[in-house]
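Data block below; observations after.
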Amino acid sequence: MSEPPMTSPGDPDALAARHPGTSPAQLAEIAVRRWDLHPVIHAHPHAHPGLRQWIAQVNPRPGQSRVAPHGPQYGPAYGPAYGPPGPSRVPAHGPAYGPAYGPVGSGSLPSGPAYPAGWTTPRRSGSAGWLAGCGCLALAVVVIGVLLLGAVGATLSSDEDRPSDRSPSTGNRDGRAADALRAGFDAERKKYHRLAAVLDGNPVAPLITHPVAFSRLEEQAERPGLSDYAVRSLVQQARRMRRELQRAVAAAEKRRVNRSGSLTEELVDRATDGFIDTRWDAASACPGAKEKGRITTGCVKGRALVVHLLPESELDGEWEMRMLVAHELAHVYQRADRARFKNYRGRADRLVGRGLFQGSREKMADCYALTYYGRWTLSQGSTTYGYGYVCGQAERTAIRSWAADLDAPMPG
23 MSEPPMTSPG DPDALAARHP GTSPAQLAEI AVRRWDLHPV IHAHPHAHPG
73 LRQWIAQVNP RPGQSRVAPH GPQYGPAYGP AYGPPGPSRV PAHGPAYGPA
123 YGPVGSGSLP SGPAYPAGWT TPRRSGSAGW LAGCGCLALA VVVIGVLLLG
173 AVGATLSSDE DRPSDRSPST GNRDGRAADA LRAGFDAERK KYHRLAAVLD
223 GNPVAPLITH PVAFSRLEEQ AERPGLSDYA VRSLVQQARR MRRELQRAVA
273 AAEKRRVNRS GSLTEELVDR ATDGFIDTRW DAASACPGAK EKGRITTGCV
323 KGRALVVHLL PESELDGEWE MRMLVAHELA HVYQRADRAR FKNYRGRADR
373 LVGRGLFQGS REKMADCYAL TYYGRWTLSQ GSTTYGYGYV CGQAERTAIR
423 SWAADLDAPM PG
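Note that our numbering has the sequence shown beginning at 23, numbered continuously upward.
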């Protein structure tokens, strides 16, 4: 199936605006700077009510703003589908998310372009274009930016994750306070890395630990002259990431015991050490096959932390269970691969971009399953699995190299 476009990997604002873990302060910062993202920010669960009200005032019809999508994206990866005579199972794709946390500013929200209610965003032919006509408009920008900062600052002062309720405007007036805040960040960083070490050698680690996002926080923390407010924001985001990682580690410990006793769960648990969940709800969780005579048997969606499958009783024996799980795990690995890089373009993207696997991530996933089990056919009895392409030796060599680089399981 064709894959829908996604936000450009080079647009961190758009990625952060779409990610469910972005903080209210960062959403406010992006909202003032990026009017094209107002529809996304307005709908974000962490958007402060005051921010939503401000967007409604300055951009009354944000639903008409659209972010032009760029480049390829991983979509729900749908498992192969069966049909009548000579049934065929075909995996496909759905939305992927970018990093959990975006960059942190210098400590104050930007007072970028803001307009009174009822105004529409003017076209900008130059940096001074919208300021040239009237000094009062420039004043409105500053006033609205300050009001927005106050609204979000008030919200964050009551946030349970905040280490202090001091105003963002206090800056670095108290050196001891700044040192204490940095010590708080260092403590969270050490806890995070101890937890992340649990996933060393795990192919899905980048999906769980968000290394690019945390590295960005560490880089921000090294910047000189950060205000107390900026350091608080760093501590808050580091704590949130550490807690999310801690929950994931605890959940994996419970999950890896294969409570269902099923082969499919055993395969997923063994490959990911319990960090990826297995659910037998493909009929409701996965979009149906578009081609007549095909049935969707599995998919990977969203953050790729769950493999959705049909119940084992509806699959064509152990052969299909193993091929299906290997195919869907390949999609999980593709996304984990992408999450390792700052530009969110993994080795799998580059292999497909060079034309291997006929330029298809689905056929690459088929090739991973075929290579893993040493098979040279996608058929078993009267059933045909996958996308109809059996990869050659050169592509299998590329698959093995890719799997080794990612620590993905692959028999010798």
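A virtual CB, placed ideally from N, CA and C, is assigned to each residue, including glycine. The structure presented is a predicted model; accordingly, all values stated were derived computationally and were not measured.
In the structure shown, H330 falls within a strand segment according to DSSP collapsed to helix, strand and coil. Remark: C-beta atoms of A252 and F207 do not approach each other more closely than 7 Å.
With a 10 Å radius around the Cβ and a threshold of 16 neighbouring Cβ atoms, P333 comes out exposed.
R360 and G368 have their alpha carbons spaced roughly 4 Å apart.
Per the coordinates, the alpha-carbon of S306 lies some 18 Å from the alpha-carbon of G315. Residue nearest to K213 within the set G223, A39, R269 is R269 (criterion: CA-CA distance). Between C321 and L351, the alpha-carbon positions lie close to 10 Å from each other. Comparing alpha carbon positions, the residue from H41, L239, G408 closest to W341 is G408.
Fully contained in the region 329 to 360 is no beta strand (DSSP E) run of length 3 or more. In this structure, the alpha-carbon of P433 lies about 33 Å from that of R264. Non-local beta-carbon contacts of L285 in its own chain, meaning distances under 6 Å to residues more than five positions away in sequence, involve M343 in chain order. Around the CB of Q259, 16 or more other CB atoms lie within 10 Å, so the residue is classed as buried.
Judged by DSSP secondary structure, G375 falls within the alpha helix (DSSP H) whose first and last residues are 369 to 375.
Apart from the 5 residues on each side of it in sequence, Q380 sits with its Cβ closer than 7 Å to the Cβ of Y411 in its chain, given in chain order. DSSP links C308 through a beta bridge to no other residue.
Counting of Cβ neighbours within 10 angstroms places S335 among the exposed residues, the total staying below 16. In this structure, the beta-carbon distance from A326 to Y394 does not fall below 7 Å. For C389, no beta strand (DSSP E) encloses it; the enclosing alpha helix (DSSP H) starts and ends at 383 to 395. Collapsing the DSSP output to three states places T286 in a helix.
Counting only residues of its own chain and dropping the five nearest sequence neighbours on each side, K385 has a CB closer than 6 Å to the CB of F379, Y409, Y411.
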